[in-house]
Each structure stands twice: as C-alpha cells, then as structure tokens.
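A.B. asks:
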Amino acid sequence: MGHQLRELWLTNHHIGVLPLEIVHCGASLRVLGLGGNAISSLPDELSSLTGLEALYLEKNRIVTVSTSLQFPPKLRDLRLDGNLLTVFPLPITRLRLLNRLGLSHNQISEVPREIRRLLNLVELDLDYNCIRSEHLPQQEMVTLKNLARLGLERNYLDEIYACARGSSAGRESEHLQGLG
1 MGHQLRELWL TNHHIGVLPL EIVHCGASLR VLGLGGNAIS SLPDELSSLT
51 GLEALYLEKN RIVTVSTSLQ FPPKLRDLRL DGNLLTVFPL PITRLRLLNR
101 LGLSHNQISE VPREIRRLLN LVELDLDYNC IRSEHLPQQE MVTLKNLARL
151 GLERNYLDEI YACARGSSAG RESEHLQGLG
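Residue numbers (the UniProt record's numbering): 1 to 180.
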C-alpha cells in the first residue's frame with residue numbers, strides 16, 4: 001500500500017483479523033474504515049498508525065479491548081458501535097483529543113470514572129447498552145464541559161442524573177429517551 005494513503009475503507013469484506021499490511025501506511029493514514037467485518041480483536045500494531053484521526057470499527061465481533069492497547073494518539077473519532085463489548089474499554093480514556101465516541105449497541109454495563117479524562121469529548125453514544133443509573137458516574141460526566149450529545153437511549157436508567165437536570169446549559173441536546 002502507498003505510503004501517502006490518507007483514507008482506507010475496507011468495510012463489509014468479512015475480514016476476521018486487522019490486516020497488518022495497514023501499519024505500513026504509518027503516519028500518513030488519517031481515516032481507517034473497517035466496519036461490517038468479523039474482526040474480534042485489535043492488535044498492538046494499531047498504535048503505529050500515528051497520524052490516524054478516525055477509526056471506524058462498527059459492526060464487528062470485538063468482545064474486549066486489551067488494557068495494554070495503545071490507540072493512535074491523534075484519534076478524534078472512534079466508532080465501536082454494534083460489537084460484543086461488555087466492558088467499557090479503558091484504553092479509550094487515554095485519548096486526550098477524542099471528540100466523538102460511539103459505543104452504542106453493545107452490552108456495556110458500566111461507565112468508568114476515568115471517563116472524566118476525555119475533556120474534548122463532544123459526542124458520546126452509549127445507546128442500547130446495559131447501563132444502570134448506579135453505574136453511570138454522575139460527578140465525572142458533569143466535568144465533560146464540551147459534551148454536546150450524550151446518547152443513553154435504551155439502557156436501564158431509572159433517573160436522569162445531574163448533568164441532564166440543568167448543569168448542562170448551552171448544550172445542544174441530551175439524548176435520554178427510554179429511561180425507566
């Protein structure tokens with residue numbers, strides 16, 4: 001593959017393993033689309049894509065993300081919607097530049113307190129998971145000052161927490177349908 005490749009889209013190809021040839025794109029690759037495949041794990045070599053800003057891994061078979069995984073540091077948009085995740089991947093909380101995070105349609109039951117590290121987060125989609133009110137860290141969520149869209153539809157929430165009650169002045173919307 002060319003060393004000047006900026007975007008690579010390999011969606012819906014029944015790929016089971018992230019092709020390691022992709023790492024030869026190095027710092028030039030900005031967008032990598034691997035949605036709609038059969039990828040079940042993410043290799044450590046992913047970190048060598050140092051220029052990557054958007055990674056689309058929706059609708060794969062990812063069950064877990066290794067705690068030692070280093071995502072590319074410039075990542076701003078990460079989509080892991082429609083996988084088989086049961087635990088919120090902690091390595092994501094080290095992505096200081098992340099603006100958009102999609103984790104909808106998984107089986108995640110808890111949002112970690114480390115979510116507070118994602119200070120640049122504008123959109124967080126947690127729709128269609130298994131999150132209960134007591135496993136949604138209210139204090140930490142309120143610190144996400146740039147958050148404009150929070151998707152919590154179809155979880156197991158029995159109350160709307162503080163950031164949706166008024167401390168979110170100026171935000172576009174809080175997507176909190178399906179409570180109760």
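Glycine residues also receive a C-beta, built at the ideal position from the N, C-alpha and C atoms.
Computed from a prediction, not measured in an experiment: that's the story for all the values here.
By alpha-carbon positions, which one of 100, 68, 78, 84 ends up nearest to residue 90?
C.D. replies: Among 100, 68, 78, 84, the Cα nearest to that of residue 90 belongs to 68.
A.B. asks: With a cut-off of 8 Å, do at least 3 Cβ pairs link the region 109-118 to the region 55-71?
C.D. replies: As far as the Cβ criterion goes, the region 109-118 does not touch the region 55-71, which means the pair count is below three.
A.B. asks: Entirely within the region 106-149 and at least 3 residues each: give me those beta strand (DSSP E) ranges in chain order.
C.D. replies: Entirely contained in the region 106-149, the beta strand (DSSP E) runs reaching 3 residues are, in chain order, 123-125.
A.B. asks: What span of residues does the beta strand (DSSP E) with residue 65 cover, start to end?
C.D. replies: Looking at the DSSP string, residue 65 is not in any beta strand (DSSP E), and its letter there is neither H nor E.
A.B. asks: Buried or exposed for residue 59, please, with buried defined as at least 16 other CB atoms from any protein chain shown within 10 angstroms of its CB.
C.D. replies: Result: buried.
A.B. asks: Between which two residues does the beta strand (DSSP E) containing residue 56 stretch?
C.D. replies: Its beta strand (DSSP E) spans residues 54-56.
A.B. asks: Looking only at its own chain, which residues have a Cβ that is under 6 Å from the Cβ of residue 7, when we skip the five neighbours before and after it?
C.D. replies: 31.
A.B. asks: Closer than 6 Å by C-beta to residue 48: which residues in its own chain qualify, once you throw out the five before and the five after it? Chain order, please.
C.D. replies: Excluding positions up to five away in sequence, the list reads 23.
A.B. asks: Please report how far the alpha carbon of residue 137 lies from the alpha carbon of residue 4, in whole angstroms.
C.D. replies: Cα to Cα, the separation comes out at about 42 Å.
A.B. asks: Give a yes or no on whether the C-beta atoms belonging to residue 74 and residue 45 are separated by under 8 Å.
C.D. replies: Going by C-beta atoms, residue 74 is not nearer than 8 Å to residue 45.
A.B. asks: Could you tell me which of 84, 119, 85 sits nearest to residue 258, measuring between CA atoms?
C.D. replies: Here the chain comprises residues numbered 1 to 180, so residue 258 is not present and cannot be evaluated.
A.B. asks: Would residue 82 pass as a contact of residue 56 if the rule is Cβ separation under 8 Å?
C.D. replies: No, Cβ-Cβ distance for residue 82 and residue 56 is not below 8 Å.
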